[in-house]
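Novice:
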Amino acid sequence: MGIFVQMGRKAAKSLHQVEVFVTLGSGMKRVVVTGATGQIAYSLLFRIGSGEVFGDEKIALHLYDLPGMEKGLEGVVMELQDCAYPFLEEVRYGSDLKELFSEVDLALLVGAKPRGPGMERGDLLKDNGTIFVEQGRVLNQVASRDVKVVVVGNPCNTNALIAMESAPNLPRKNFHAMMRLDQNRAMALLARKAGRSIGEVSPLVVWGNHSATQVPDYPNASIGGHSATEIINDLTWLQGEFLTTVQKRGAAIIQARGKSSAASAANGVIDHVKSLYNPTPEGTWFSSAVCSDGNPYGIQEGIIFGFPCRSSGDGSYEIVPHLPWNSFIEERIRVTEKELLEEKECVEEMFV
Ligand code: NAX
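Residue numbers (the working numbering): 224 to 575.
1. Use the C-beta contact count for methionine 342: other C-beta atoms within 10 angstroms, 16 or more gives buried, fewer gives exposed.
2. Can you check whether the CB of proline 502 is closer than 8 Å to the CB of serine 534?
3. The ligand COA heavy atoms versus the CB of valine 333: any closer than 7 Å?
4. Helix, strand or coil for proline 439, going by three-state DSSP, please let me know.
5. Helix, strand or coil for glutamate 343? Go by DSSP, reduced to three states.
6. Is the beta carbon of serine 288 within less than 7 Å of some heavy atom of the ligand NAX?
7. Does DSSP classify glutamate 293 as helix, strand or coil?
8. Helix, strand or coil for histidine 399? Go by DSSP, reduced to three states.
9. With DSSP collapsed to three states, give me the class of threonine 353.
10. Using CA atoms only, rank isn't needed, just tell me which of Met301, Leu466, Ile522 and Asn382 is closest to phenylalanine 332.
11. Work out the CA separation of proline 378 and alanine 386 for me, nearest whole Å.
12. On the DSSP bridge assignment, give the partners of glycine 529 in chain order.
13. Roughly how far, in whole angstroms, is the beta-carbon of aspartate 305 from the beta-carbon of glycine 295, given that I think they are within contact range, below 8 Å?
14. In whole angstroms, what is the alpha-carbon distance linking valine 372 and lysine 252?
15. CB-CB under 8 Å to valine 492, same chain, minus the five flanking residues each way: which ones, in chain order?
16. DSSP state of leucine 286, grouped into three classes?
17. Is it buried or exposed for arginine 480, if we count other Cβ within 10 angstroms and need 16 for buried?
18. Contact defined as beta carbons within less than 8 Å: I believe proline 439 pairs with alanine 409. What is the distance between those atoms, to the nearest angstrom?
19. Would you report the Cα separation of lysine 471 and alanine 435, rounded to the nearest angstrom?
20. Identify every residue that forms a DSSP beta bridge with serine 445.
21. Hey, how far is the Cα of tyrosine 316 from the Cα of leucine 461?
22. Below 7 Å, is the gap between the Cβ of lysine 336 and the nearest heavy atom of the ligand NAX?
23. Would isoleucine 300 and aspartate 328 be called neighbours here (beta carbons separated by less than 8 Å)?
24. Whose C-alpha, out of Gly473, Met292, Ser425 and Ile271, is nearest the C-alpha of isoleucine 282?
25. How is glycine 278 classed by DSSP in three states: helix, strand or coil?
26. Could you check the C-alpha separation between asparagine 397 and glutamate 453 for me, to the nearest Å?
27. In the DSSP assignment, the beta strand (DSSP E) including alanine 330 goes from what residue to what residue?
28. Less than 7 Å between the CB of cysteine 379 and some heavy atom of the ligand NAX, yes or no?
29. If I follow the unbroken beta strand (DSSP E) through methionine 251, where does it start and stop?
30. Grab me the residues of isoleucine 446's own chain with a C-beta within less than 6 Å of its C-beta, minus the 5 sequence neighbours each way, in chain order.
31. From what residue to what residue does the beta strand (DSSP E) around valine 373 run?
32. Hey, leucine 347 and arginine 360: beta-carbon distance below 8 Å or not?
33. Where tryptophan 548 and proline 394 are concerned, what is the direct C-alpha to C-alpha distance, given to the nearest angstrom?
34. For histidine 550, is the classification buried or exposed, using 16 other Cβ atoms within 10 angstroms of its Cβ as the cut-off for buried?
35. Strictly by DSSP, which residues pair up with glutamate 541?
See below:
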């Protein structure tokens with residue numbers, strides 16, 4: 224494992240240093256990012272390092288990637304050093320999960336195996352399942368007992384479920400899959416259609432799975448304090464093009480860029496984490512896929528499902544109850560719920 228420590232600490236600064244003993248001050252957030260040489264991480268790490276998320280709290284960044292990616296990791300570490308971020312106190316990196324998950328407060332699980340040509344969805348679920356079983360087990364052993372886990376690597380809802388089931392000593396509530404990019408996409412599209420600024424669009428919940436069955440909830444959205452349906456006044460668009468554009472946005476970006484969303488995905492992670500660590504404004508919510516146990520909407524328990532959430536600012540959250548569903552939304556929520564139950568069935572045998 225590599226490490227660098229800055230800010231005049233006594234420890235050695237070599238990129239190859241394996242053992243460094245550092246006394247950490249209190250108020251330090253330890254954050255691990257997996258898939259650290261990937262394209263999302265290349266944006267994400269620098270935004271975390273800049274202090275954008277945790278203000279003036281010191282940060283220790285742990286960078287995990289697969290064995291064989293050491294050179295790439297070293298390059299990223301050098302660039303982090305060259306940013307001279309005042310709050311970035313320490314960086315560790317390598318492919319030793321146990322070392323890198325040790326005592327982390329926040330685990331951003333970005334790395335995942337991509338879907339190969341001709342690969343069945345079930346095979347992708349199982350291949351990635353193996354990764355998240357291992358990562359869940361190691362978090363269970365060595366992470367902070369209140370670690371918050373945000374899974375980005377796809378299929379993220381079921382990967383988060385596997386990690387959660389593999390970590391029986393950690394609170395199930397602490398596991399999230401990222402729906403925030405979907406929320407941001409939906410809000411931006413409503414703003415463009417209405418010809419309003421994004422600041423006028425209320426946060427919008429995206430229910431269910433981060434997949435083409437996700438359900439962006441336009442009936443509970445507002446624009447400039449009025450119902451979005453009133454302002455846009457085009458139900459055909461809201462139930463048709465709006466829905467499918469948000470659901471298929473990821474694929475459209477791959478087609479245009481030749482690569483999947485990266486900067487906007489990293490931005491989604493940043494927004495997600497900020498929402499957990501700042502009080503949610505009264506009367507609003509943010510989208511996150513969280514454990515459905517005991518949810519107030521009657522979604523089947525034991526899956527990771529996109530819900531409206533609010534936080535008191537300490538990293539925890541509650542599901543916001545009582546958002547009404549019309550029949551159009553409810554029908555689609557049942558479809559995304561069914562998809563998640565089928566994904567669960569595919570991987571259930573991997574649970575501890
Ligand atoms: P890249 O292909 O650029 O990087 C993937 C990284 O994961 C690499 O560093 C690779 O070494 C690492 N990796 C591969 N197998 C691994 C394993 N077994 N254990 C740990 N790390 C492993 O992908 P990138 O564009 O960064 O995307 C990462 C993940 O995010 C993908 O699964 C992607 O599908 C997913 N996304 C999720 C989004 C969401 O909203 N939840 C949106 C964007 C993105 O599509």
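Just so it is clear, CB atoms sit at the ideal spot from N, CA and C, and this is done for glycine as well.
Specialist: Judging by the given coordinates:
1. exposed
2. yes
3. The ligand COA is absent from the structure shown, which contains only the ligand NAX.
4. strand
5. coil
6. The question names serine, yet the displayed sequence has aspartate at residue 288. Yes, the Cβ of aspartate 288 comes within 7 Å of a heavy atom of the ligand NAX.
7. helix
8. strand
9. helix
10. Residue identity check: residue 332 is leucine in the sequence provided, not phenylalanine. Leucine 332 has its Cα closest to that of Asn382, out of Met301, Leu466, Ile522 and Asn382.
11. 12 Å
12. Gly431 and Ala512
13. Not confirmed; about 16 Å, so no contact.
14. 14 Å
15. Ile263, Leu267, Leu331, Val333, Val373, Val375, Met401 and Arg403
16. strand
17. exposed
18. 4 Å
19. 6 Å
20. Ser450
21. 45 Å
22. yes
23. For the record, residue 300 in the displayed sequence is valine; it is not isoleucine. Not in contact: valine 300 and aspartate 328 (Cβ atoms no closer than 8 Å).
24. Ile271
25. coil
26. 37 Å
27. 329 to 332
28. yes
29. 251 to 257
30. Ala417, Arg419, Glu423, Val424 and Ile454
31. 371 to 374
32. no
33. 29 Å
34. Per the sequence shown, the amino acid found at residue 550 is serine instead of histidine. The residue is exposed, with fewer than 16 neighbouring Cβ atoms inside 10 Å.
35. Arg533
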